[in-house]
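Each remark here refers to the structure printed beneath this line.
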Amino acid sequence: MAEKFPNTQVRRSAHQPGAALAAVGVSNKSQCARASLAVAYFLWRNGSHLAGKCSRRALLSAGLAVVLVAATGLAGAMAQGGNSPSSRAQAANSAAEGQLSSKPARAVHPQLAQRAKSTDQPAAATRALAPRAATGVPPAGEQRLLADEVVIELAGDPSQREVEALASRHRLVRIESKLMPSTGTTFYRWRIPDRRSISTVVRELEADPAVRSVQPNYVYSLQQTAAPATRSVQYALDKLRLSEAHALARGERVLVAVIDSGIDVNHPDIAGTIIDQFDALGSGEKVHAHGTGIAGIIAAHGKLTGAAPGVRIIAVRAFAVTRTGTEGTTFNIIKGLDWALDRGARLVNMSFAGPFDPALARLLSAAHAKGAILIAAVGNQGPASPPLYPAADAHVIAVTAIDADDELFAKANRGSYVDVAAPGVDILMPAPGGAYQVLSGTSFAAAYVSGIAALILERRPRLLPDALKRILLLTARDLGPKGRDTQFGEGAADAYRALMTFESKTETAASEAEGAR
């Protein structure tokens, strides 16, 4: 290894007749029947005014037809588990992609349970506002936040006068703001100048009708740890069957967003891969080893081989070096995610973890509705840790780490939200300045799965997020206790098996049908 690496350092949906009634609040059979009869009665009483040449008998027949169509449409929708545009599109996509059977739903994070309905938005309503969260007050004892800042969300693009009036009412100092096209709202980062507690300020702002949402500016950390070089060079290629997979796809034409600590764009292993960059910090700091390593795992094409060497990456710098490590805040992360979505990223790698975050949850929901594949590290806080965010979000593929012997990374989080595993122990990857490094962590496992997802997207560019997730999970190699478990999820990802899904007769027919549309 020393000779080879001299610088090594250790919108498809079927029309349903019940949709119109559902859109105006008709939510059960009795309501549907009453609404339909009302339509029929209205047509009967006002027929002469509504249709000059139509008889009342014809109009009454039309009204009764509404009753039958709406009742059967609603019953069918209830039998299918929902009639939202989102569920219909997902069902159609699943059928087109080989009629993959779905796995049991992930258990909802306790703090997400009360928001579950608000985060399941249809693709057609990406800009619609989700219901306001119950409260943005941080949980008791939560320390992963900036002690003198709050993040405030206002509807639309408020005028300067409105913003100044709000700041004056609540005695706050504005630091920065960002209009988010993904949500159609504007987020503000404000400082608390008078030592009031965050909980106090959040409660005051939640009582103000002008405020869409308010919360702390939470702090997230990258999920890595130093590791000795004790494994063979790039053992992950064999574990994930990437060499065979690259004969079928290399991630060509797939745009991947890496939200991290900056990337050394001139490193020989990733040169030419980074096509755009955004610095949410505005600090001009030097790039950090973590982001460069993540980019290399996904896309290396020099001395090392990445999981998807043909992809194109847009780099988001949202993490800065601090006294306690490399950290990113709510505001910088959502700025970067919104930027990436605005530039058409199909896949977003998030190799960081932290507390539940309502603002980030809304952006993740918007990203999922737009068709973005979201992948995150489950975290390195160990088996006693509660679920960490964003991996615990229902729209995200949560990845844990294993070693060359298929043993779970000792520091990896556990939980029902864990979806799939990939190599993340003793991983050789690029480092800034043309060097190389060996690190461990769920961060790097997430990067490998992002690469595999990019290979799948090359083969099926129109694949919706839930369908791609099903492919990853159904083709995983079972590890640990039989079936899905809280350590490995569905098991180790298998890139070749995932791509071979598309070689079956069913998938070939689906592909032809997709092309015909």
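When we follow my numbering, the leftmost residue of the sequence shown carries the number 1, and every step to the right adds one. Just so you know, even glycine gets a beta-carbon here, dropped at the ideal spot from N, CA and C.
Limits of the unbroken alpha helix (DSSP H) element including residue i
| i | result |
| --- | --- |
| asparagine 332 | 330-342 |
| aspartate 238 | 236-239 |
| leucine 499 | 495-500 |
| lysine 469 | 465-474 |
| tyrosine 448 | 442-459 |
| serine 243 | 242-245 |
| leucine 163 | It is worth fixing the name first, because residue 163 is valine in this sequence and not leucine. Here the alpha helix (DSSP H) through valine 163 covers 160-170. |
| threonine 292 | 289-299 |
| serine 365 | 358-369 |
Span separating the alpha-carbon of residue i from that of residue j
| i | j | result |
| --- | --- | --- |
| serine 182 | isoleucine 334 | 10 angstroms |
| proline 193 | threonine 185 | 25 angstroms |
| aspartate 338 | phenylalanine 352 | 17 angstroms |
| glutamine 234 | valine 438 | 10 angstroms |
| tyrosine 218 | proline 138 | 9 angstroms |
| alanine 495 | proline 209 | 50 angstroms |
| leucine 574 | threonine 292 | As displayed, the chain neither begins before 1 nor continues past 517, which places residue 574 out of reach and without an answer. |
| alanine 308 | alanine 249 | 8 angstroms |
| tyrosine 188 | glycine 433 | 36 angstroms |
| valine 163 | serine 177 | 10 angstroms |
| isoleucine 297 | histidine 170 | 46 angstroms |
| valine 573 | leucine 374 | Residue 573 is absent from the structure shown; the chain starts at 1 and stops at 517. |
| aspartate 466 | leucine 472 | 10 angstroms |
| threonine 326 | proline 481 | 35 angstroms |
| alanine 377 | alanine 299 | 18 angstroms |
| alanine 271 | threonine 200 | 49 angstroms |
| glycine 251 | glycine 379 | 26 angstroms |
| tyrosine 220 | threonine 329 | 6 angstroms |
| alanine 315 | arginine 459 | 24 angstroms |
| alanine 318 | methionine 500 | 36 angstroms |
| valine 151 | glutamine 215 | 5 angstroms |
| alanine 431 | phenylalanine 444 | 13 angstroms |
| glutamate 503 | arginine 477 | 19 angstroms |
| alanine 236 | alanine 498 | 16 angstroms |
| glutamate 142 | leucine 360 | 17 angstroms |
| lysine 239 | leucine 179 | 43 angstroms |
| aspartate 279 | threonine 273 | 17 angstroms |
| aspartate 276 | arginine 470 | 30 angstroms |
| glycine 282 | leucine 479 | 43 angstroms |
| valine 287 | asparagine 266 | 11 angstroms |
| threonine 322 | histidine 368 | 31 angstroms |
| alanine 247 | histidine 301 | 15 angstroms |
| arginine 241 | glycine 306 | 12 angstroms |
| lysine 370 | isoleucine 263 | 26 angstroms |
| arginine 161 | glutamate 149 | 21 angstroms |
| proline 461 | methionine 429 | 28 angstroms |
| alanine 484 | arginine 144 | A small correction: the amino acid at residue 484 is arginine; alanine does not occupy that position in the sequence shown. Straight-line Cα distance between these residues: approximately 31 angstroms. |
| proline 158 | alanine 134 | 23 angstroms |
Test item: CB-CB of residue i and residue j under 8 angstroms
| i | j | result |
| --- | --- | --- |
| isoleucine 402 | proline 423 | yes |
| alanine 372 | alanine 345 | yes |
| alanine 492 | alanine 447 | no |
| leucine 364 | aspartate 406 | no |
| valine 311 | valine 254 | yes |
| asparagine 349 | serine 450 | yes |
| isoleucine 456 | leucine 468 | yes |
| leucine 304 | aspartate 269 | yes |
| alanine 147 | isoleucine 198 | yes |
| isoleucine 313 | alanine 289 | no |
| threonine 486 | arginine 414 | yes |
| glutamate 285 | alanine 340 | no |
For residue i, the first and last residue of its enclosing beta strand (DSSP E)
| i | result |
| --- | --- |
| isoleucine 314 | 312-317 |
| valine 151 | 145-155 |
| threonine 200 | Counting along the chain, threonine 200 falls outside any beta strand (DSSP E), though it belongs to the alpha helix (DSSP H) covering 198-206. |
| glutamate 285 | Unbroken run through glutamate 285: none, as it is neither H nor E. |
| proline 216 | 213-222 |
| serine 416 | Per DSSP, serine 416 belongs to no beta strand (DSSP E) and is neither H nor E. |
| proline 430 | 427-431 |
| valine 396 | 396-402 |
Integer-rounded CB distance, given that residue j should sit under 8 angstroms from residue i
| i | j | result |
| --- | --- | --- |
| glutamate 153 | arginine 195 | Actually they do not touch by this definition, with Cβ atoms about 24 angstroms apart. |
| threonine 442 | phenylalanine 409 | 7 angstroms |
| threonine 400 | valine 418 | 5 angstroms |
| alanine 412 | valine 256 | In fact, because the Cβ distance is near 23 angstroms, the residues do not count as touching under 8 angstroms. |
| arginine 174 | tryptophan 190 | 5 angstroms |
| glycine 136 | glutamate 206 | 7 angstroms |
| leucine 222 | serine 168 | That pair is no contact at about 38 angstroms. |
| serine 440 | isoleucine 452 | Going by Cβ atoms, the distance from serine 440 to isoleucine 452 rounds to 19 angstroms, so no, they are not a contact pair. |
Residue i: CB within 7 angstroms of a non-hydrogen atom of the ligand PLP
| i | result |
| --- | --- |
| threonine 200 | Looking at this structure, you won't find the ligand PLP or any other ligand, since it has none at all. |
Note to self: If contact is defined by three or more beta carbon pairs under 8 angstroms, each pair taking one atom from either stretch, is the stretch 386-395 in contact with the stretch 349-361?
What the structure shows: yes
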